[in-house]
Ligand code: G1P
């Protein structure tokens with residue numbers, strides 16, 4: 001059996017939800033506290049046993065390549081200044097071997113994954129989306145890889161969402177479950193409100209067999225006029241099992257503003273240096289907000 005050693009991280013989106021911050025900076029570089037969101041994703045991949053990562057980039061994404069490269073001058077300065085902890089942090093991001101490929105037109109997630117087909121070849125592989133950070137032990141992707149190794153089939157990470165939220169996600173139509181593993185009838189990308197077959201939403205973590213490329217190759221457009229990965233997964237499921245796995249862990253949606261702020265707050269509350277000062281500052285802010293307004 002071939003093991004899962006390669007991962008694709010699509011990062012070609014325009015980041016329109018965070019404009020103007022993302023006018024000249026990729027949204028994947030927006031930091032949660034002091035680490036770009038894409039670094040959390042890369043670290044999850046490595047901690048899950050991935051050895052080769054390909055990031056699918058688009059226009060204006062050079063900062064991502066620079067981030068995962070060596071920064072000789074900066075490293076020398078930190079070393080000279082004896083700032084060894086920071087040096088270690090800076091070097092961490094350049095230790096992995098990351099490859100890059102450009103998606104030349106923004107044709108959707110399915111197309112972005114298809115762009116990396118030559119890098120993947122004939123092996124099972126992972127896809128991790130940058131809008132979802134998952135904190136869990138074992139890492140979310142590792143949980144899916146473990147399932148792949150027992151089912152020899154593609155496995156898609158899911159978690160339940162509310163009825164109102166189903167229209168924002170790819171949703172699975174389950175047939176039956178065995179523990180946390182679901183056999184699936186179909187996968188539906190962003191069903192209209194009230195039309196979702198379940199509440200199990202795809203959360204940006206996939207382990208796929210290379211046969212997925214046969215269906216991505218067809219370049220059929222789906223929801224939003226884009227080539228959807230979810231649609232190709234649905235087609236793959238017609239010829240070989242694709243399971244959904246309800247992974248354990250806390251998932252943060254950093255792809256929209258409120259989710260991004262809540263993630264920052266939650267991470268800060270878990271950080272020993274920041275927790276107390278943050279709580280204190282929040283108390284003051286709330287007290288100030290509740291002050292009666294002075295008129296005149
Ligand atoms: C993408 C996928 C969708 C998935 C979601 C998870 O949608 O197409 O199936 O549920 O990511 O975050 P996007 O949020 O890029 O529109």
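Numbering (our numbering), first residue to last: 1 to 296. Backbone N, C-alpha and C fix where the C-beta goes; we use that ideal spot for every residue, glycine too.
Review point. Distance, Cα to Cα, residue 70 vs residue 263?
Key: Approximately 28 Å, taken between the alpha carbons.
Could you tell me the boundaries of the beta strand (DSSP E) in which residue 72 lies?
Looking at the DSSP string, residue 72 is not in any beta strand (DSSP E); the run it does join, the alpha helix (DSSP H), is 72–80.
Open item on the list: Along the chain, where does the beta strand (DSSP E) containing residue 187 start, and where does it finish?
Closed with: Membership of residue 187 in the beta strand (DSSP E) is indicated by the continuous run 181–189.
- Over the uninterrupted beta strand (DSSP E) stretch that includes residue 243, give me the two end residues. 242–246
Count Cβ pairs between the segment 70–86 and the segment 20–38 that sit closer than 8 Å; are there 3 or more? no
- Query: Do residue 181 and residue 100 come within 8 Å of each other at the CB atom, strictly closer than that value?
  - Reply: no
ask   = residue 145: which of 290, 3, 288 and 291 sits nearest, CA to CA?
value = 3
Could you give the first and the last residue of the continuous alpha helix (DSSP H) run that contains residue 110? 109–114
Exercise for review: Out of 236, 222 and 171, point me to the one whose CA is closest to residue 214's CA.
Suggested key: Taking only the C-alpha atoms, the option nearest residue 214 is 236.
### Message
Along the chain, where does the beta strand (DSSP E) containing residue 2 start, and where does it finish?
### Response
Per DSSP, residue 2 belongs to no beta strand (DSSP E) and is neither H nor E.
When every heavy atom of the ligand G1P is checked, does at least one fall within less than 7 Å of the C-beta of residue 169? yes
Segment contact flag, the segment 184–204 with the segment 84–92, C-beta cutoff 8 Å, min 3 pairs: no
Between residue 187 and residue 207, how many whole angstroms is the CB-CB distance? I'm expecting something under 8 Å. Contact doesn't hold; Cβ gap of about 14 Å is too wide.
Evaluate contact between the segment 217–224 and the segment 124–133, counting only Cβ atoms and requiring at least three cross-stretch pairs below 8 Å. no
Just to check my reading of the structure: residue 32 and residue 254 have Cβ atoms closer than 8 Å, yes? What is that Cβ distance to the nearest angstrom?
7 Å
Worksheet entry | Three-state class that DSSP yields for residue 33 in the structure shown | coil
Would you say residue 228 touches the ligand G1P, meaning its beta carbon is less than 7 Å from a heavy atom? yes
For the alpha helix (DSSP H) holding residue 119, just list the boundary residues, first then last.
Per DSSP, residue 119 is one residue of the alpha helix (DSSP H) stretching across 117–120.
In angstroms with no decimal places, state the Cα-to-Cα distance between residue 232 and residue 109.
-> 11 Å
query: Closer than 7 Å: is that where the CB of residue 189 sits relative to any heavy atom of the ligand G1P?
result: yes
| query | How big is the Cα-Cα spacing for residue 190 and residue 36? | reply | 28 Å
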